[in-house]
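A.B. asks: Structure in structure tokens, see below.
There are 2 protein chains.
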Amino acid sequence: MSTKKIVVVGGSAAGPKAAAKARRMDQNADITIIQKGPDLSMASCGYPYFVGGVFDERNKLICTPTGVVRDPLFYMKAKGIRALPLTEVVEINRKEHKVKCKRLETDEEFLVDYDKLVLATGTEPIKPPVPGIELEGITTLQSMRDADYLRKIRDEGQVKKAVVVGGGLIGMEVCEALQLAGIHITVVEMLDQILTFLDWELAKLVENHVKSKGAMIVTGNPVTEFLGEDGKLMGIKLKNGTELPCNLAVVAVGVKPSTSLAERAGLELGERRGIRVDEYMQTSDKDIYACGDCCEIRHRITGERMSAFYGDLANLEGRVVGKNIVEGNKTKFPGTIHTGICKIFDWAAGSTGFNEYFAHEAGYDVETTLITALDKPGFMGANPLIMKMVADKKSQKVLGVQCVGPGDVSKRIAEAAVGIMGNMTVEDFCNLDLPYAPPFSQALDALITLGHVMENKLQSRMQGISAKDLKEKLNKKDDMFLLDARGPDEYEEMRLGVGETLIPIGKLRERMGELPEDKSKEIICYCKISLRGYEAASLLESHGYTNVKVLEGGIVAWPYPREK
Amino acid sequence: MSTKKIVVVGGSAAGPKAAAKARRMDQNADITIIQKGPDLSMASCGYPYFVGGVFDERNKLICTPTGVVRDPLFYMKAKGIRALPLTEVVEINRKEHKVKCKRLETDEEFLVDYDKLVLATGTEPIKPPVPGIELEGITTLQSMRDADYLRKIRDEGQVKKAVVVGGGLIGMEVCEALQLAGIHITVVEMLDQILTFLDWELAKLVENHVKSKGAMIVTGNPVTEFLGEDGKLMGIKLKNGTELPCNLAVVAVGVKPSTSLAERAGLELGERRGIRVDEYMQTSDKDIYACGDCCEIRHRITGERMSAFYGDLANLEGRVVGKNIVEGNKTKFPGTIHTGICKIFDWAAGSTGFNEYFAHEAGYDVETTLITALDKPGFMGANPLIMKMVADKKSQKVLGVQCVGPGDVSKRIAEAAVGIMGNMTVEDFCNLDLPYAPPFSQALDALITLGHVMENKLQSRMQGISAKDLKEKLNKKDDMFLLDARGPDEYEEMRLGVGETLIPIGKLRERMGELPEDKSKEIICYCKISLRGYEAASLLESHGYTNVKVLEGGIVAWPYPREK
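Encoded structure:
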């Protein structure tokens, strides 16, 4: 048996995983990782937490759990893998099975043979074509060097105002990190909401939370110019003319797959401009595989190929590639349902599957439900969760779940993700047998409650109205009756103040006379979380009212200013 | 349409849920809840946390989230449901559709008509037939009264030593509550382990944690006598003759379904002596339904009917009953996979599906895997999880997952539970798309890693040995070579000390000469968590060693005393 030569291009997440798996599968293979940057196996998702001071030792980002830095010596000694950092692969010679490499420190070029080549070239940040983008003080957070730079700014404490351009996942993580470092942050997002994996109303609630922490968020108003003096950033100009002074800007408007090497080698790209691979992660060349952010993968629900930039998927894909290059194509990678999460101050925000917007885009006829629920029983010190489910009316399958709030979001998104991958219907979600004890959840987990409310809607036992739709009706001064079903104490403490009538649920049976005489009049019921609102609506319907709706999620999920 | 008369017997969890759901489905129904005890809708799973002082207001156990006590007035006003506490149903007249009730305070008897009757009579504690069981100072934790009694003992601070009889879920929760109150606790379990939803080696790790908190645990040694003076408990006597002084004993050896009312009415019982119901939760009488702990439900994996005493299932079953009694049998209850969890000091312990013991009992040919993994990246302040998976060799389906440790257990058990309900295979677990960000998990969630290791075993890339089997070999002084693949610093800090040789994984390639010459000799590799142990084993196999095993879970999962 001759020694198999495996060359991996890219040393961040997917590449090292593919190399390590190949090593475990074949101890005799000759394995080389070629990495353009200076570091290997960086925990790049950890950069914001290093910048924010959650931990101080930068080497923790490139260490094994026992504290050994993953440098070329470690790779050789512990794994028998040759790792070549600061080395760029400049050309793939597919015919001769060689890659041409260049040592970046010396410009020295050399060739490396391969039997199997793995491309894990990752992404590059998108630089918006905005004047002034080259000014000093403008950075991304894509590399260890960026992380070091931002951490230094944090530690020096000189910068007082900064702007984060882009309100996606990384933008919001950077916002938190710098705001906690005492820098006043403004997030500027060109779209009309942050965090587009969430639907608007949930993103707005997260925005409100971020603002409550002192950071500013500007949406629907892109940066049109970076303003500078002597080559240094002094401020930004927005489309509406506003100028914001700042000495630091972190650009986080997105990334695109790094595919120039693959393109030059004539490998097929997909529609989203990522490297095209089949279910075995094999490119259009049978001896070249790709994994991680540089390639397109399958969407598990639609079957379409798409980009999905997630560190966990990169590792999963790397493992599949490591297996297939050693033992032949035996392992398929099933793809993604776009599960994502981020922590933002005291909240977390997560999504799995389709949100409403993307489900519409994908052509589904959907039902949606939004609820507010506690993550634990009240007596255990519970925190609220605001959750939204999107289901396909036709198949009754759950297409997506979103969750935001101070409660345990990650558990609910994880539960929902597994359910969606298991092709579960709303009915399946209604009867999940989950681990219940008071320190961990309510007797009925918030995700189950979400299923129950969705079932009520699908079976026409409840008609909901979203905060956004109610707000529009209020703006249009629609003729309707608003019923707040809480108690007077609660009403004094917090209320919408939009012309509602307060009738506590316990009094409603005896105070039916205060309701509109016209049984066809539109009535909107709610309470703090809209459980009593739902009970009120059921009662009204039994009294002949024909146009009764429940404000979904109640007051807690109201994203607009309240009277109190 | 005539008014439907619905009578619910039992006012704890399943009964009120059935009543409330029926009310929402039918605002005109005449609904009565008849409850033997004084309270309604008690959060009985919260008793240990009230006893332990997690919260101080007992009414939080019987309140709505907004602080309204769920008393008969609340039920009438807010839900239009008549609730009769301190009232016992003494007889069901199935022919005439009446129940005979007795007010416990006055002995007054009266009849209530029903169209549909719901039995939610719950369980009663098993009292072991041990002499002295009637002494003062012996209690259970089954009712609000018990909770008040134990809370008073906590607050008074007079009792210094107590015994918990039974090391199940409730026993361990009571142990924590009283130990934290400054009472020295001994848990006495007649079986050879606590928490039988776990396999022995995981239960033993939990036991070690409990002991580290100062509580004692005695296994395999049942109580044979409660010792008293003047009618008051003074101590207990164990089977081996040991006497332990104590002034308080909490008996938590289990419960059995309360079925005497159903039996007297001639309703069918199941093999486990719970009320027999079909998939619609309908008993052998078409006008009588049952839900909650009093009835048997279907095991989702085997299809067998069984008891499953869980508060979350009681609520789910109550909801199904509430629907079916109003709209006819439209909703099926799919059953349980026995998902359970409890918090024990700084750890949690959970299980879903089959553990190894019960999988064997059910006749499966299983593969098992045990790993130690971190719940988050090290730089985020991670905590370990010790996890075990049981899979069916034939179908490759995951049959069960157990998890213990200080990390986020509940999330992993929830994920696994949904996967098992989704009929997922080991391969499915290997490629889960879960919500990843450093505050919430490692890039590969611990559950995915568990799947990967299981796949390695199923595909014969790794041979494991359990701590128990290695311990037996050590006791028998088997001839083997033990290889600890960690670094010298780690070895100085913590080690098994069972005759192992330390060769750090990074030195192994150059120190092959120190390994046994006989390539067929049994070699056991490990490290702290056995990842480096696995890499060492792969390397040895590639060098021709034919009998190499990995100690599953590594040193962290070793349940026996260590040298260091």
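Just so you know, the protein sequences line up as chains A and R, in that order.
Note that the first sequence ends on residue 554 in our numbering; no numbers are left out.
Note that the second sequence ends on residue 554 in our numbering; no numbers are left out.
The beta-carbon is built from N, C-alpha and C at its ideal position, and this holds for glycine as well.
Only a predicted model underlies this, so the values are computations on that prediction, with no experimental measurement involved.
Within 10 angstroms of its Cβ, does residue 146 of chain R collect 16 or more other Cβ (buried), or is it exposed?
C.D. replies: Sequence index remark: in the second sequence, residue 146 of chain R carries index 156 (1-based). So residue 146 of chain R ends up on the exposed side.
A.B. asks: Is the CB of residue 400 of chain A under 8 angstroms away from at least one CB in chain R?
C.D. replies: Counting from one through the first sequence, the residue named residue 400 of chain A turns up at place 410. Yes, residue 400 of chain A lies at the interface with chain R (some Cβ there is under 8 angstroms from its Cβ).
A.B. asks: Give the DSSP bridge partners of residue 548 of chain A, in chain order.
C.D. replies: Stepping through the first sequence from its first residue, residue 548 of chain A is reached at position 558. Looking at the DSSP assignment, residue 548 of chain A forms no beta bridge with any residue, so it has no partner.
A.B. asks: Taking DSSP as the reference, what is the three-state secondary structure of residue 410 of chain A?
C.D. replies: Walking along the first sequence from the start, residue 410 of chain A turns up at place 420. Note: residue 410 of chain A maps to helix in three-state DSSP.
A.B. asks: Under the three-state reduction of DSSP, which class applies to residue 516 of chain R: helix, strand or coil?
C.D. replies: Taking the second sequence and counting its residues from 1, the one referred to as residue 516 of chain R is at position 526. Correct three-state label for residue 516 of chain R: strand.
A.B. asks: With residue 463 of chain R as the anchor, note down where its alpha helix (DSSP H) starts and where it stops.
C.D. replies: Sequence index remark: in the second sequence, residue 463 of chain R carries index 473 (1-based). Note, residue 463 of chain R: alpha helix (DSSP H), 457 to 465.
A.B. asks: Between the segment 214 to 242 of chain R and chain A, which residues of the former have a C-beta closer than 7 angstroms to a C-beta of the latter?
C.D. replies: The residues in question: there are none.
A.B. asks: Taking the alpha-carbon positions, what's the residue 496 of chain R to residue 390 of chain R distance?
C.D. replies: Counting from 1 along the second sequence, the entry for residue 496 of chain R is found at position 506. Counting from 1 along the second sequence, the entry for residue 390 of chain R is found at position 400. So the alpha carbons of these two residues sit roughly 35 angstroms apart.
A.B. asks: Is residue 161 of chain A close to chain R, meaning its C-beta is less than 8 angstroms from at least one C-beta of that chain?
C.D. replies: For the purposes of this step, residue 161 of chain A is taken as the residue at position 171 of the first sequence. It does not: the Cβ of residue 161 of chain A has no partner Cβ on chain R nearer than 8 angstroms.
A.B. asks: So, residue 115 of chain A versus residue 311 of chain A, is the Cβ gap smaller than 8 angstroms?
C.D. replies: As a first step, residue 115 of chain A must be located in the first sequence, where it is residue number 125. As a first step, residue 311 of chain A must be located in the first sequence, where it is residue number 321. In this structure, residue 311 of chain A does not lie closer than 8 angstroms to residue 115 of chain A by Cβ.
A.B. asks: Is residue 560 of chain A helix, strand or coil by DSSP?
C.D. replies: It is not possible to answer for residue 560 of chain A, since the shown part of chain A is limited to -9 through 554.
A.B. asks: Unbroken alpha helix (DSSP H) runs of length 4 or more, entirely within the segment 163 to 214 of chain R: which are they?
C.D. replies: Here the runs fully enclosed are 190 to 202.
A.B. asks: With a threshold of 7 angstroms on Cβ separation, who are the neighbours of residue 248 of chain R within its own chain once the five nearest residues in sequence on each side are excluded?
C.D. replies: Along the second sequence, one-based indexing puts residue 248 of chain R at 258. Once the five neighbours on either side are set aside, the close Cβ partners of residue 248 of chain R are 111, 112, 113, 114, 284.
A.B. asks: Below 9 angstroms between beta carbons is the criterion; list the residues of the segment 368 to 381 of chain R that meet it against any residue of chain A, in chain order.
C.D. replies: Those residues of the segment 368 to 381 of chain R that come within reach of chain A (Cβ to Cβ, closer than 9 angstroms) are 368, 369, 370, 371, 372.
A.B. asks: According to DSSP, simplified to helix, strand and coil, what is residue 478 of chain R?
C.D. replies: Numbered from 1 along the second sequence, position 488 holds the residue referred to as residue 478 of chain R. DSSP places residue 478 of chain R in helix when its eight states are reduced to three.
A.B. asks: Terminal residues of the continuous beta strand (DSSP E) containing residue 72 of chain R?
C.D. replies: For the purposes of this step, residue 72 of chain R is identified with residue 82 of the second sequence, where counting begins at 1. Segment 72 to 74, the beta strand (DSSP E) holding residue 72 of chain R.
A.B. asks: Of all Cβ atoms in chain A, is any one closer than 8 angstroms to the Cβ of residue 154 of chain R?
C.D. replies: As a position in the second sequence, residue 154 of chain R is number 164, starting the count at 1. No - not a single Cβ of chain A is within 8 angstroms of the one on residue 154 of chain R.
A.B. asks: Tell me whether residue 97 of chain A is buried or exposed, calling it buried when 16 or more other Cβ atoms sit within 10 Å of its Cβ.
C.D. replies: Counted from its first residue, the first sequence places residue 97 of chain A at position 107. Flag for residue 97 of chain A reads exposed.
A.B. asks: Using beta-carbon positions only, say whether residue 227 of chain R and residue 215 of chain R come within less than 8 angstroms of one another.
C.D. replies: Taking the first residue of the second sequence as 1, we reach residue 227 of chain R at position 237. Taking the first residue of the second sequence as 1, we reach residue 215 of chain R at position 225. Result yes, Cβ atoms of residue 227 of chain R and residue 215 of chain R sit closer than 8 angstroms.
A.B. asks: Comparing C-alpha positions only, which one of R:385, R:484, R:406, R:475 sits nearest to residue 448 of chain R?
C.D. replies: On the second sequence, residue 448 of chain R is found 458 positions in, with the first residue counted as 1. Out of R:385, R:484, R:406, R:475, R:385 has the C-alpha closest to the C-alpha of residue 448 of chain R.
A.B. asks: Just mark residue 89 of chain R as buried or exposed, buried being the case when its beta carbon has 16 or more other beta carbons within 10 Å.
C.D. replies: Within the second sequence, numbered from 1, the residue matching residue 89 of chain R stands at position 99. It is buried - the Cβ of residue 89 of chain R has at least 16 other Cβ atoms within 10 Å.
A.B. asks: Would you report the Cα separation of residue 340 of chain A and residue 332 of chain A, rounded to the nearest angstrom?
C.D. replies: The residue you call residue 340 of chain A lines up with position 350 of the first sequence. The residue you call residue 332 of chain A lines up with position 342 of the first sequence. Their Cα atoms are separated by approximately 6 angstroms.
A.B. asks: Could you check whether the Cβ of residue 296 of chain R sits closer than 8 angstroms to any Cβ belonging to chain A?
C.D. replies: Within the second sequence, residue 296 of chain R is the residue found at index 306, counting from 1. No - not a single Cβ of chain A is within 8 angstroms of the one on residue 296 of chain R.
A.B. asks: At a CB distance below 8 angstroms, what residues from the segment 483 to 515 of chain A approach chain R? Give them in sequence order.
C.D. replies: Per Cβ criterion, the list reads 495, 496, 497, 499.
A.B. asks: Nearest CA to the CA of residue 423 of chain R: which residue from A:494, A:399, A:304, A:353?
C.D. replies: The residue given as residue 423 of chain R occupies position 433 in the second sequence. It is A:304 whose Cα lies nearest to the Cα of residue 423 of chain R.
A.B. asks: Assuming residue 126 of chain A and residue 11 of chain A make a contact with CB atoms under 8 angstroms, what is their CB distance in whole Å?
C.D. replies: Numbered from its first residue, the first sequence carries residue 126 of chain A at position 136. Numbered from its first residue, the first sequence carries residue 11 of chain A at position 21. Residue 126 of chain A to residue 11 of chain A, Cβ: 42 angstroms. No contact.
A.B. asks: Is the CB-CB distance between residue 376 of chain R and residue 395 of chain R below 8 angstroms?
C.D. replies: Counting from 1 along the second sequence, the entry for residue 376 of chain R is found at position 386. Counting from 1 along the second sequence, the entry for residue 395 of chain R is found at position 405. In this structure, residue 395 of chain R lies closer than 8 angstroms to residue 376 of chain R by Cβ.
A.B. asks: Please state whether DSSP places residue 359 of chain R in a helix, a strand or coil.
C.D. replies: Mapped onto the second sequence, residue 359 of chain R falls at position 369. In the structure shown, residue 359 of chain R sits in a strand (DSSP, three-state: E or B).
A.B. asks: Is there contact here, the segment 343 to 362 of chain R with the segment 497 to 509 of chain R, by at least three beta-carbon pairs under 8 angstroms?
C.D. replies: No: the two stretches stay apart, fewer than three of their Cβ pairs being nearer than 8 angstroms.
A.B. asks: Using a Cβ-Cβ distance cut-off of 8 angstroms, determine whether residue 408 of chain R contacts chain A.
C.D. replies: Taking the first residue of the second sequence as 1, we reach residue 408 of chain R at position 418. Closer than 8 angstroms to some Cβ of chain A, the Cβ of residue 408 of chain R qualifies, so yes.
A.B. asks: At 3 residues or longer, what runs of the beta strand (DSSP E) sit wholly inside the segment 66 to 136 of chain R?
C.D. replies: If we require 3 residues or more, the beta strand (DSSP E) runs fully inside the segment 66 to 136 of chain R come out as 72 to 74, 77 to 83, 88 to 93, 99 to 103, 106 to 109, 113 to 115.
A.B. asks: Return no unless some Cβ of chain A is closer than 8 angstroms to the Cβ of residue 319 of chain R.
C.D. replies: Reading the second sequence from its first residue, position 329 is the one you call residue 319 of chain R. Output row for residue 319 of chain R: interface = no.
A.B. asks: Which bits of chain A does residue 44 of chain R rub up against, with CB to CB less than 7 angstroms?
C.D. replies: For this step, residue 44 of chain R is matched to residue 54 along the second sequence. Simply 370.
A.B. asks: In chain C, what lies closer than 8 angstroms to residue 303 of chain R by C-beta?
C.D. replies: No chain C appears in the structure shown, which is made up of the protein chains A and R.
A.B. asks: If we cut at 8 angstroms on Cβ distances, does residue 478 of chain R have a partner in chain A?
C.D. replies: In the second sequence, the residue the question calls residue 478 of chain R occupies position 488. With 8 angstroms as the cut-off, residue 478 of chain R does not count as an interface residue toward chain A.
A.B. asks: On the premise that residue 325 of chain R lies in contact with residue 170 of chain R, defined as a C-beta separation below 8 angstroms, what is that separation, rounded to the nearest angstrom?
C.D. replies: Counting from 1 along the second sequence, the entry for residue 170 of chain R is found at position 180. Counting from 1 along the second sequence, the entry for residue 325 of chain R is found at position 335. Not really, about 36 angstroms apart at Cβ, beyond 8 angstroms.
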